[in-house]
Amino acid sequence: MKFFKIMEDSHQDFIGELRQKISLSNMPPPAAKIAERELDVLARISPSSAEYTIGLTYIDYLVSLPWNKKTEDNLDLARAERILNENHYGLNTIKERIMEHLAVKVLMMNRKARLLVVDDEEIARKNLAHVLRKEDYDVTTAADGERALRELEASEFDVVLADLRMGRIDGMELLDRIRIRHSETRVIMVTGFATVPSAIEAVQKGAFHYIAKPFKLDEVRDAVKRALEKRTLRANTKGSVLCFAGPPGTGKTSLGRSIARALGRKFTRIALGGLKDEADIRGHRRTYVGAKPGRVIEEIRRIESANPVIMLDELDKIGRDFKGDPGSALLEVLDPEQNRAFTDHYLDVPFDLSSVMFILTANVLDTVPAPLRDRMEVIEFTGYTQEEKTRIASRFLCPKQIGEKGLSAGRVAFDDEAVLKIIQEYTREAGIRNLERKIASVCRKIAKESVERQGGLLFVRITPDEIERYLGRKKYHFEVIEGKDRIGVATGLVRTESGGDIIFVEAAKMKGTKELIITGSLGDVMRESAQAALSYVRSNAAVFGIPEDFFEHHDIHIHVPSGAIQKDGPSAGLTILIALVSLLTGRPARREVAMTGEITLTGRILPVGAIREKVLAARRAKVKTVVVPARNREDVEELSDEIKKDVELRLADSIAEVVDTVLV
Ligand code: ADP
């Protein structure tokens, strides 16, 4: 008996401790209430039951969340800019847009709300102003309607609290004028008992709210707070979330990190591509022992801050075999109208996500649902030129890797030619992720050698020859210049998730019955392009000198090698067409001429996207000439000289022009 008494006592002590933890945890009242209620249940049930474990874990979770724990923002924009520059070469327009975004955010988040109190009774005016100043608002007062209007002309106010009955211009008239000239400003009517009906009329005419004298302080505070909430919502809704879109390895993540550092906030990433169902975002209901909150709440708890920078990676990868609607789940997290009271299914009480700064990243934006895209401010990241890569490597990647591998900067030096060799022969990418890996790998090997050699290495200079020693034989060949011009093989440029890429479209003919065979992991749109290309060639057989009955007795096979890469989009139409014409006319296609363009059945060439990425890919592959639809002229003109170096860009209007440019 006594034993159970001790058990019981210590159980009650434990419950008491938890109760104290709840009250110390700074939870908002609704959460505290739920936690208390849950605790009451625990006090009554057996500690060995499953419900007890579930309840205990839950309370523990609530207590450990950083409800109000926020890092203080560093709002020094000059410092922020310095930090962005410190770790990133170039990217000037991107940095500028980020700075603008930060400036607006910082202003919005930190501007004290401005209130105007209008009352002809001095005591009432002063009282109200005093109460509101204590709430940390920036309060101006005016003794009558005329003066109020002058203040309103001079500067912007978020909320006006106006007495209904005043001298010449009374509250009602003030309201009318504000509605016309300052539509963003909210008006709260302050009214004596006798004029309540007029106050109600004022609300019908567009006042935000009214409070009757003598007012309760809570009522005033609450009305002002609600009026202001609407203000921040409006300012925040559109484009409030940054989205970094572009190929891998172009600096999206590391800029996100720098933004967090600049603001003095904590930083974390969530890979959306790995999420399998809505509960990963919204949390699991608390019905079984292993139930968990969603990733956003989990991360916030892990890094112990309610206002971190959270990078949601791979927005475009979400959705493939995702259970439920990822778009709407994400909107709940991201949308300022909803995320103020984000309710994770596990928590079951709202958690305010409005001070989290979300940054999304994606390789391409085609698959992102429109409602989500509306909320984002998209910043495009593009691939780097070879020259940019060399500069980034020598200024950032090499010093970083040399340091990280325990080598000293003065003793290891990469020649520019060596870096260029890695770029050209060991990597093929729009960004610099693999480049960094290869440099890391060289540094690791040097570190190993220096440990093995007694006395350490004196000085290592990495030349192109050394690269081969460290990294083995080159990984990539220049298929364009190393191969021969062939009949039925044309060089094309496509956009992929990893930037731009070069493809070789192959066409073959064989005895058969008019069949078109298409292989090589092509998407539906690309298959249709192939069909359109064939139809065009057939309907213009005479022009190309192809015997009329040729198609009656032949099958055509179109193949695009590198089957592992999913390829789609209409921009390969032109390349497929040229491969076919080459095949059927017997004229070899120049390998070093690459093309991109959509075709119509009437032989027009339509403009396509991602010209920059494609031209970069062409240069990487050492293509000499790139054929671009004439209607992409503007995109071509926007390209910097560095990108256009070594490639000739030809704008083409008609298929006939392209045929003569490409076919020998
Ligand atoms: P992403 O998130 O776009 O895939 P990362 O941010 O991970 O790319 O970048 C890959 C690597 O390249 C990182 O080490 C990053 O610091 C570096 N990097 C990318 N762009 C730049 C740049 N402009 N200047 C310096 N380093 C860069």
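Numbered by my numbering, the letters in the sequence shown go through residues 1193 to 1856 in order.
Where is the CB? At the ideal position from N, CA and C, for every residue including glycine.
All values derive from a computational prediction rather than experimental measurement.
- Between ligand 1 and S1446, a heavy atom-to-CB distance of less than 7 Å is present.
- If the five residues before and after F1349 are omitted, its C-beta is found closer than 7 Å to the C-beta atoms of R1306, L1307, L1308, T1377, all from its own chain and listed in chain order.
- E1840 is bridged by DSSP to T1817.
- Straight through space, the alpha carbons of L1843 and L1798 are spaced by roughly 11 Å.
- Excluding residues up to 5 positions away in sequence, L1793 lie with their Cβ nearer than 8 Å to the Cβ of S1731 in the same chain.
- Note on geometry: alpha-carbon atoms of A1585 and L1216 lie some 50 Å from one another.
- Residue pairing by DSSP places E1698 opposite V1681, H1751 in a beta bridge.
- Not one heavy atom of ligand 1 sits closer than 7 Å to the Cβ of G1737.
- Taking one beta carbon from each stretch, the region 1397-1406 and the region 1414-1422 have 3 or more pairs nearer than 8 Å; the two touch.
- In the DSSP secondary-structure assignment, R1306 is bridged to D1330.
- In the three-state reduction of the DSSP assignment, Y1480 falls in the coil class.
- Residue pairing from DSSP leaves V1828 without any beta-bridge partner.
- Ligand 1 approaches N1279 closely enough that one of its heavy atoms is under 7 Å from the residue's Cβ.
- The region 1566-1623 is shown to contain whole beta strand (DSSP E) runs of 3 or more residues at 1568-1572, 1604-1606, in chain order.
- Counting along the chain, L1552 sits inside the beta strand (DSSP E) bounded by residues 1549-1554.
- The region 1636-1647 and the region 1686-1700 do not touch, with fewer than three beta-carbon pairs separated by less than 8 Å.
- Our two residues, T1383 and R1360, have alpha carbons roughly 17 Å apart in a direct line.
- Where D1657 is concerned, the enclosing alpha helix (DSSP H) starts and stops at 1656-1663.
- Assignment of E1790 by DSSP, reduced to helix, strand and coil, places it in the strand class.
- Cα atoms of V1854 and L1663: separation of roughly 37 Å, rounded to the nearest angstrom.
- Of the residues assessed, E1596 falls on the exposed side of the cut-off, its CB having fewer than 16 other CB atoms within 10 angstroms.
- DSSP places L1726 in the helix class (H, G or I) of the three-state scheme.
- When only Cα atoms are considered, N1555 and R1565 end up about 14 Å apart.
- When V1807, E1273, D1833, M1787 are compared, the shortest CA-CA separation from D1845 is found for M1787.
- Inclusion of A1498 and P1221 in the CB contact set at 8 Å is not warranted, their separation being larger than that value.
- For R1811, same chain residues with a beta-carbon under 8 Å away, outside a window of 5 residues either side, are T1577, Q1578, I1835, K1837, D1838, V1839 in chain order.
- For L1464, no beta strand (DSSP E) run applies, since DSSP gives it neither H nor E.
- When DSSP reads this structure, C1635 sits in no beta bridge, so it has no partner.
- Judged by beta-carbon spacing, A1340 lies beyond the 8 Å limit of M1381, meaning their Cβ atoms are not closer than that value.
- Annotation for V1652: R1603, V1604, I1638 place their beta carbon closer than 7 Å to its own, counting only its chain and skipping 5 residues before and after.
- For I1361, there is no enclosing alpha helix (DSSP H), since its DSSP letter is neither H nor E.
- A Cβ-Cβ distance of about 5 Å is found for the pair L1627 and T1619, placing them in contact under the 8 Å criterion.
- For A1733, the closest C-alpha among the options I1709, L1775, V1717, D1760 is that of L1775.
- Taking a cut-off of 8 Å on C-beta distances, the region 1710-1725 touches the region 1761-1772, as three or more cross pairs fall below it.
- Residue I1654 holds the alpha-carbon nearest to the alpha-carbon of S1633 among I1654, R1478, A1622.
- Residues of the same chain with a CB within less than 7 Å of the CB of A1802, apart from the 5 flanking positions on each side, are R1687, G1692 in chain order.
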